[in-house]
Amino acid sequence: MTERDKVDPSTLELRPRPRPVTRLNKNALMLAAGGAALVIFAATSIALRPPRAASDARPQELYNVDTKPTAEGLEALPSSYADIRPPLGDPLPGDLGAALLRAQQAAQNSGQSEIDLSAPPPVAPFRNSPEADAAREAALREAQMAADAREAGVFFQLSMPAVQAITKGSASERVSPFDIASAFQGAAATPAPFGSERENDPSRQFRKLQFLEGGLDSATDNSHRLEDPETPFEVMAGSIIPASLITGVNSDLPGTVVAQVTQNVYDTVSGQYVLIPQGAKIIGRYDSVIAFGQSRALLVWSRIIYPDGASIVIENMPASDVSGYAGLADKVDFHTFRLLKGIVLSTLLGVGTELSFGDSESDLVEALRESAQSSANQAGQRIVQRNLDIQPTIRIRPGWPFRIIVHKDLVLRPYEAEGAIR
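Just so you know, UniProt numbering puts the end of the sequence shown at 422, numbered straight through with nothing missing.
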């Protein structure tokens, strides 16, 4: 083998040389940018330059204020009142000319061929003006209203059959005050349905006046005499019947409630005989009409059922709590959360309609915004008003203790069971 001469490693090339990069001249770029800026500046200056009037141009007359053109046809008209000559007929003799002229005109209007000069001139028929007719009709209406007011009664209308029968008569018949007074007496004597007076008298003032004037009597001597009990087996007025609820009470809807006697009730005179045993069922009902701020439910009891199946009807004896206060009070729901939800929803509706259209000044957008705001405001007010109209809900849980106050004597029989007699 022949030995080759060694090559210097520094002279060896592992990869080829890259192509040279072509670069733009900075001076040329600056010159081109400056020229473009000058062209843009010149074009802007020419475009923004105000127009100049030509030195030899004269303003064109658009309207001549010195010479006014004359309209066509005015030259044929008279220039003054002296040139106006009315067309006249043949001359009439003496002082009768005016009368003859009126007679001729009347004859021409009526179609008559002959003229009676001795007849007086015709007189136009009298016609009322529309203003006079309207004033006369208004005066008649006011007079009729005044007459109706004088003949009307002084009492307000009640929702009773007797008063309705009187008020449904013809308008020409005059209602006597004695009939109205008798109707009021009949309405006071007839008990109203349970809870119906609350709808006609929201402030309950009429019921309070009835309560104050109901027992008014001018007699100074008591007409009642002392009476002995009919039987020793009697629970007299003022006695207390302890009981507790079996079913709960929810005043959203009216309903029936069931309770149970928790202690034996003995006769009032001797206290030896059990007349109402422990465990007897009591049937009643409760009022669902709740006024604003009311926290106690009104319950009345109508029947007692004994364990052996016997029963007695009691006349709506009221329920009271263990302290003797009328009604029962446990939990009251004023629906505050629902009211707050309605207020928040009303606020969101108003804010949403305000922000949805932005700040545009378009007439259409402004009209849409006002319409949407009005609709949202009405909807929000309706929602809040409906939530305000919801009456509070009174709930009484089962097992709640209470007392029944006897207001009329109950004639019963001894309950025959083990331990019924002491």
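Even for Gly, the Cβ is constructed at its ideal location relative to N, Cα and C.
Whole-number beta carbon distance between residue j and residue i, since they are thought to touch under 8 Å
i    : j    : result
T262 : R285 : Contact doesn't hold; Cβ gap of about 20 Å is too wide.
W400 : D330 : 6 Å
A297 : L340 : No, A297 and L340 are not in contact; Cβ-Cβ is about 25 Å, not under 8 Å.
A280 : P254 : Not really, about 24 Å apart at Cβ, beyond 8 Å.
E230 : V411 : 6 Å
G342 : I383 : 4 Å
R403 : I241 : 7 Å
I290 : I304 : So it is not a contact: roughly 27 Å between Cβ atoms.
V249 : I396 : 4 Å
H335 : N387 : 7 Å
Three-state class that DSSP yields for residue i in the structure shown
i           : result
P9          : helix
K331        : strand
T347        : helix
T393        : strand
N316        : strand
P232        : coil
R19         : coil
P130        : helix
S375        : helix
I40         : helix
I241        : strand
R369        : helix
I45         : Reading the sequence as shown, one finds Ser at residue 45 and not Ile. S45: helix per DSSP, three-state reduction.
residue 424 : In the structure as shown, the chain starts at 1 and stops at 422, and residue 424 therefore has no counterpart that could be examined.
L140        : helix
L364        : helix
R403        : strand
E173        : Low per-residue confidence applies at E173: pLDDT is 46, beneath 50, and the placement is therefore not dependable, though the value from the model is reported in the following sentence. In the structure shown, E173 sits in coil (DSSP, three-state: anything other than H, G, I, E or B).
V322        : coil
L410        : strand
Cα-Cα separation, residue i to residue j
i    : j    : result
L31  : S45  : 21 Å
L299 : D287 : 7 Å
D409 : V265 : 14 Å
T11  : L29  : 40 Å
D321 : E142 : 59 Å
L140 : S251 : 54 Å
A367 : R338 : 33 Å
P193 : A372 : Low local confidence applies: a pLDDT of 46 at P193 is under 50, so the model's placement there is unreliable, with the coordinate-based value given in what follows. Their Cα atoms are separated by approximately 46 Å.
P414 : Q385 : 57 Å
P78  : I84  : 6 Å
A379 : R369 : 15 Å
S302 : A219 : 34 Å
A146 : P130 : 24 Å
K6   : A33  : 58 Å
I276 : Q210 : 34 Å
S80  : Q104 : 32 Å
D267 : Q381 : 60 Å
A149 : D133 : 24 Å
P87  : E72  : 25 Å
R136 : E151 : 23 Å
R17  : N27  : 29 Å
D66  : A76  : 24 Å
S323 : V351 : 52 Å
Q278 : G309 : 14 Å
P398 : Q260 : 11 Å
H224 : V269 : 21 Å
A42  : L24  : 27 Å
G35  : L48  : 20 Å
G271 : E416 : 15 Å
R19  : A37  : 35 Å
C-beta neighbour in chain D for residue i, strict 8 Å
i    : result
R395 : Annotation note: the requested chain D is absent from the structure, which comprises a single protein chain.
Residue i beta carbon near the ligand FAD (any heavy atom closer than 7 Å)
i   : result
A32 : With respect to the ligand FAD, the structure offers nothing, as it holds no ligand at all.
key: Touching by the beta-carbon criterion (3+ pairs, under 8 Å), the segment 313-327 and the segment 340-348   = Segments in contact, no.
Residue ranges of each beta strand (DSSP E) within the segment 249-308, 3 or longer = Unbroken beta strand (DSSP E) stretches of 3 residues or longer found wholly inside the segment 249-308: 255-261, 274-276, 281-286 and 299-305, given in chain order.
message = Using 8 Å as the cut-off, can you tell me whether the segment 383-401 makes contact with the segment 215-235, which would need three or more C-beta pairs spanning the two stretches below that distance?
response = Fewer than three Cβ pairs drawn from the segment 383-401 and the segment 215-235 lie within less than 8 Å of each other, which leaves the two stretches out of contact.
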